[in-house]
Amino acid sequence: MLVCPCRLVGKSWSLLHIRHLPVLRYSASNPFECAGKRLICVMTTGLENASKDPCFVGRRPQLARIERAQATVLSRGWQMVCEVVGEPGIGKTRFVHEALERSVPTVPWAIGTCSPDERGVPFHVFRHALTAGQAPRRGLRSGRSTGQTWAESAAEVPPAPARASDARRFRTYQSARRLIGLAARDGLVLVLDDLHWADASSAGLITHLLRYPVPAPLLLVLVYRPRQMATPMPFGPPDPGEDADAAPTSHDRIELRPLGVAEVALLHPYVDQVELRARYDVSGGNPGYLAALPGDATSNGAEPIRAAPGARLSDAAVAVLRREWAGLPPVELACLRAGAIVDAPFAADLLAEVAQVPVALAVEAGWRLARLDLIRRVPGTGRFAFRHPVLRMAVAQDTDPAWQVEACARALGALVELGAPPADLARYAERLLALPNGRWADRCVNVLCRAAQEVRRETPDLAIRWLRLALRALRPTAGLAQRRQDVSLALAQITGEAGDLAESRALLQEIVPLFPADAQGRRAQAVALWARVERLLGNYAEAAAISRRELADLPAAAEPTGGYRLATEIGVAGILAGHPVAGLPDGLHADLGGSGADRAGLLAVRGLAAAHEGALDDARGLLDAGARIIDALPDTDVRDHPDCLTALGLTELYLERQADAVRHLDRGVTLVRAAHRDDGLCQLLLGRSQVAYHGGQLNTAIGLATEAGIVARRIGSHHLLSFALAFEAEATAWRGGPRDDDRAVALARSAAGIATDLTTWCGRTAATALATASLLSGDPATCAELVRSAGGDSRLSRLQTTLRPRWFELLCAAALAAGELTDAERQARLAMAEAEQVGLPGQRGFAESAYGEVLLARGEAAAALPHLETAADLFRAGGMVLRRSLALASLARAAEAAEQTGPAARARRRALELAGWCGTERVALRLARPVGPREVAALTDREWHIARLAATGATSRLIGRQLNISPRTVEAHLTRIYRKAGVASRSALVAWVARLDDTDR
0 MLVCPCRLVG
10 KSWSLLHIRH
20 LPVLRYSASN
30 PFECAGKRLI
40 CVMTTGLENA
50 SKDPCFVGRR
60 PQLARIERAQ
70 ATVLSRGWQM
80 VCEVVGEPGI
90 GKTRFVHEAL
100 ERSVPTVPWA
110 IGTCSPDERG
120 VPFHVFRHAL
130 TAGQAPRRGL
140 RSGRSTGQTW
150 AESAAEVPPA
160 PARASDARRF
170 RTYQSARRLI
180 GLAARDGLVL
190 VLDDLHWADA
200 SSAGLITHLL
210 RYPVPAPLLL
220 VLVYRPRQMA
230 TPMPFGPPDP
240 GEDADAAPTS
250 HDRIELRPLG
260 VAEVALLHPY
270 VDQVELRARY
280 DVSGGNPGYL
290 AALPGDATSN
300 GAEPIRAAPG
310 ARLSDAAVAV
320 LRREWAGLPP
330 VELACLRAGA
340 IVDAPFAADL
350 LAEVAQVPVA
360 LAVEAGWRLA
370 RLDLIRRVPG
380 TGRFAFRHPV
390 LRMAVAQDTD
400 PAWQVEACAR
410 ALGALVELGA
420 PPADLARYAE
430 RLLALPNGRW
440 ADRCVNVLCR
450 AAQEVRRETP
460 DLAIRWLRLA
470 LRALRPTAGL
480 AQRRQDVSLA
490 LAQITGEAGD
500 LAESRALLQE
510 IVPLFPADAQ
520 GRRAQAVALW
530 ARVERLLGNY
540 AEAAAISRRE
550 LADLPAAAEP
560 TGGYRLATEI
570 GVAGILAGHP
580 VAGLPDGLHA
590 DLGGSGADRA
600 GLLAVRGLAA
610 AHEGALDDAR
620 GLLDAGARII
630 DALPDTDVRD
640 HPDCLTALGL
650 TELYLERQAD
660 AVRHLDRGVT
670 LVRAAHRDDG
680 LCQLLLGRSQ
690 VAYHGGQLNT
700 AIGLATEAGI
710 VARRIGSHHL
720 LSFALAFEAE
730 ATAWRGGPRD
740 DDRAVALARS
750 AAGIATDLTT
760 WCGRTAATAL
770 ATASLLSGDP
780 ATCAELVRSA
790 GGDSRLSRLQ
800 TTLRPRWFEL
810 LCAAALAAGE
820 LTDAERQARL
830 AMAEAEQVGL
840 PGQRGFAESA
850 YGEVLLARGE
860 AAAALPHLET
870 AADLFRAGGM
880 VLRRSLALAS
890 LARAAEAAEQ
900 TGPAARARRR
910 ALELAGWCGT
920 ERVALRLARP
930 VGPREVAALT
940 DREWHIARLA
950 ATGATSRLIG
960 RQLNISPRTV
970 EAHLTRIYRK
980 AGVASRSALV
990 AWVARLDDTD
1000 R
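Numbering-wise (numbering that gives the first Met the number 0), the sequence shown opens with residue 0 and increments by one.
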């Protein structure tokens, strides 16, 4: 028998047995002919035949060991044994085929394969290898065929129960040994495959050959599954000291292990990497199981395989695997099928319940199945599991569907009685609900709802799928109306938390009107959830109206939780709509006692509203009360209230308690990330971005705002997206890189395009972000117009009270850039007046900085020094590192103009150090500007830098290369510079810059 690659109709490369004459010679022209006769090809059974992969990868060291063993056999003329062992499907037969293809071509092969149906036939594997109707072989007895000789040898072996003479059996083995020696006198590779199904006579003969080797060049290759043998190592251990590089002796053992990911990728080069990784995880790198998995392994871009109820193995794979359980007794077969239904590590008592057999029989059957290696004991437990998921799938697929249904119902009932976790029960409920019969609907719905609540934090997508299935199972009938409302409410809550706000809103609009008013507050909590979803979608007026209406109708004896949540939604919607609520409905707004995250959320929102309106003493009191409650609560209680942490963090930011803001916002981000709550993550990221921006961490602020924008797009919240774009634009503008000006303006315009209503907080934020970006890019007129539009009047009464000094400072800078010193001074004085009312260090710093810049622009450098120095100190007290570095840069310029070189050098050095920490280029650019007339003030920092470079004689291309911008952008900057400086040519610009810039900085 010979192994060869061949392609049959409907089959891929497979292992084929080729019957051959005793004397074989290799023919390069036709490898399937020998001694003038065509060789006969017969398909080998095995899991490898399910593979559609023609190539062979890996196993190079093991192949070298086979080649080395054959060379040793031929050179020394002795017998050598190679065991090839491994798990089912690992590719043992395919490996042997590849090894024989690479072996010496003049040495004949003989391959025998065991079959479970022939275990009663003595020496059947040797018959299969050396006879089966072959012509007489040279060197054997004249006139007698090899088949007759093996038949006589088999006849001499008495049946196992009647074996009375060891001597007679020994003589039989000796006769067989002499026959094998004659066949191998010129060299022979004898492969005995699937020896785990060998009969007792064949196993005994192999053991005899190991004890009494054939005195001929025979390479005996034994292929089997160690776990399915009667004993772990029936053929003896390998010779001691054997390794891959040592010279082979009389015995070698080659254990094939799973393929690596890279090798599997070579087997399936056209499979999508995601699907390939998923298939590898399921198969464990076993090539046979990998080929048997559902789906077309050669398709590109297919969906990754999932353990879905409809997944099916190929019929060929099931047919091959069925041989392992086809002959099992009824009890064992029933227990095996029951284990496939359970689909998890199972105990014998569960098998007994599902298979409907006594527990004692189930225990015995479990251990017998384990000895057959169909199931294996889970280490450290008394449970069993299938040896491989693919085998379990094959058994389940081979089971009668009607029996599966009843068994699945029995498994669900048994697991419920055993108190199994709901998530473990859900898969059975899914299977049962997929059937048209509704007998188990009520029990399955209960299981799915409990399972969804159990996994909602870890895997919300799975929880949503289960609840949708439960809702479909509850048909809209009068008797199930209340049950459908409960399931719909749970689904709306989880979908909203997962970020699917549209579906959550649709469900709530449908079911909330059906909830009756109750003292337990279930309706009030459902309405608060509805209002929150509307608010996240930007529908502030509707959210406030829903909450007010429900709060007014709330029963007097109702639980306070619903009232707290409704009042909180009223407060948040009012702040976002631009009309903070000064007082909440009676019975809630005066009560600061109690505990709980709901009460803390209401306090935090009221504190944020007070801070927005400038009532800082009230804001501090409310903030402290809410923070004490939240800090005392465990994470599990705080996790469901991300809005509370957002309100706390923003209030602390506006009160310039940045350390507390970071602590609360970071806690919130960590909790909602772990809970997969996109609905709260976006707001927390936005708050954390603002804290980083105020602290001068520009790159951190940009990264957080970018992530918040991604989340906002994912959940479909346009107003949150506008916030994210605006915050990213502000931080990008102050970073001041060569490309940042245009990017910041583009981002801010996108934010303003989304939020067009300047009465809302979102619209004002977008407008002020665009104002900041416009000023820093050289457009002070647009900046002033946007700030006044957002503020509503010259007093900026529509903007947040605690931030008005900052916006007056921005108007002052715009006036200075436009050369309007009178207007700049007026804005600086307004900033000073607002800062006195607010009393926050950082906001006073904005006012002092604005007034110092006005004095510096007038040329009163000495008078500007104390204001700029005070501004730097106030910014340090307020934790505003970026603004402090800018104040120090202005201080250095003023000190240089006042000829105070020592203070100027110290301020310059510290300003550059802080600028490096913040990641901004604005400070260095500002330090390079001279204290000059109106024309210099009209230029932005970047424009002055380009003007100085142009004055050195550099071309637009060289300037663009140095600044990493295009020559066209440089020309656009130069055009604006010519207009602001009042010059008409490059030579005039050189003279203008030389007149103003008399330093070497």
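Ideal Cβ placement from N, Cα and C applies to all residues, glycine included.
With respect to Tyr223, Val120 sits apart: the two C-beta atoms are not nearer than 8 Å. Counting C-beta atoms within 10 angstroms of its own C-beta, Glu416 has fewer than 16 neighbours from the protein chains shown and is therefore classed as exposed.
Within the same chain, Gly918 come within 7 Å of Asn698 by CB-CB distance, once the 5 residues on both sides are set aside. Listed as beta-bridge partners of Arg252 by DSSP are Glu82.
The beta carbon of Val837 sits closer than 6 Å to the beta carbons of Thr801 from its chain, once the five residues preceding and following it are set aside; these are given in chain order. Nearest to Ile629 by C-alpha distance, out of His611, His663 and Gly959, is His663.
Residue range Pro400 to Leu417 is occupied by the alpha helix (DSSP H) that includes Val415. Straight through space, the alpha carbons of Ala789 and Ala674 are spaced by roughly 37 Å. Inclusion of Ala542 and Ala530 in the CB contact set at 8 Å is warranted, their separation being smaller than that value.
Judged by DSSP in its simplified three-state form, Ala325 adopts coil rather than helix or strand. For the pair of segments examined, the stretch 371-386 was found to touch the stretch 343-351: the number of CB pairs separated by less than 8 Å reaches three. Less than 8 Å divides the Cβ of Leu258 from the Cβ of Pro286.
Taking the Cα positions, Ala747 is about 25 Å away from Glu655. Annotation: Arg738 to Ser955 spans about 16 Å, alpha carbon to alpha carbon.
Taking one beta carbon from each stretch, the stretch 391-400 and the stretch 308-322 have 3 or more pairs nearer than 8 Å; the two touch.
Relative to Gln492, the option among Ala624, Ser776, Gln452 and Leu647 whose CA is nearest is Gln452. Within the same chain, and ignoring the five residues on either side of Arg598 in sequence, the residues whose Cβ sits closer than 6 Å to its Cβ are Tyr563. Taking Gln69 as reference, the option from Glu100, Pro420 and Ala264 with the minimal CA-CA separation is Glu100.
Taking every protein chain shown into account, the CB of Pro559 has 16 or more other CB atoms within 10 angstroms, so this residue is buried.
Beyond the five residues adjoining it in sequence on each side, Ile340 comes within less than 8 Å, by CB distance, of Val353, Ala395, Thr398, Gln403, Ala406, Cys407 and Ala410 in the same chain, given in chain order. Boundaries of the beta strand (DSSP E) harbouring Gly111: Trp108 to Thr112, taken from the DSSP string. Under the DSSP assignment, Asp639 falls outside any beta strand (DSSP E); it carries neither an H nor an E label. With a threshold of 16 other beta carbon atoms within 10 Å, Asp634 falls short and is exposed. In summary, Gln799 is buried, with 16 or more beta-carbon neighbours lying within 10 Å of its beta-carbon over all protein chains present.
If you draw a straight line from the Cα of Cys782 to the Cα of Cys448, it comes to about 55 Å. Taking 8 Å as the cut-off, the beta carbon of Ala827 is found no closer than this to the beta carbon of Leu864. Using a 10 angstroms sphere on the CB of Thr759, the tally of other CB atoms reaches 16 or more, which defines it as buried. In terms of Cβ geometry, Glu549 and Val526 form a close pair [threshold 8 Å]. If you draw a straight line from the Cα of Arg168 to the Cα of Cys113, it is about 21 Å long. In this structure, the CA atom of Arg947 is about 47 Å from the CA atom of Gly715. In the structure shown, Tyr211 adopts coil according to DSSP, grouped into three states. For Phe385, the enclosing beta strand (DSSP E) covers residues Phe383 to Phe385. In this structure, the straight-line span from the alpha carbon of Arg376 to that of Gly283 is close to 18 Å.
For Asp192, the secondary structure class from DSSP, reduced to helix, strand or coil, is strand.
Judged by DSSP secondary structure, Ile374 falls within the beta strand (DSSP E) whose first and last residues are Ile374 to Arg376.
In the displayed model, Phe345 falls within a strand according to three-state DSSP.
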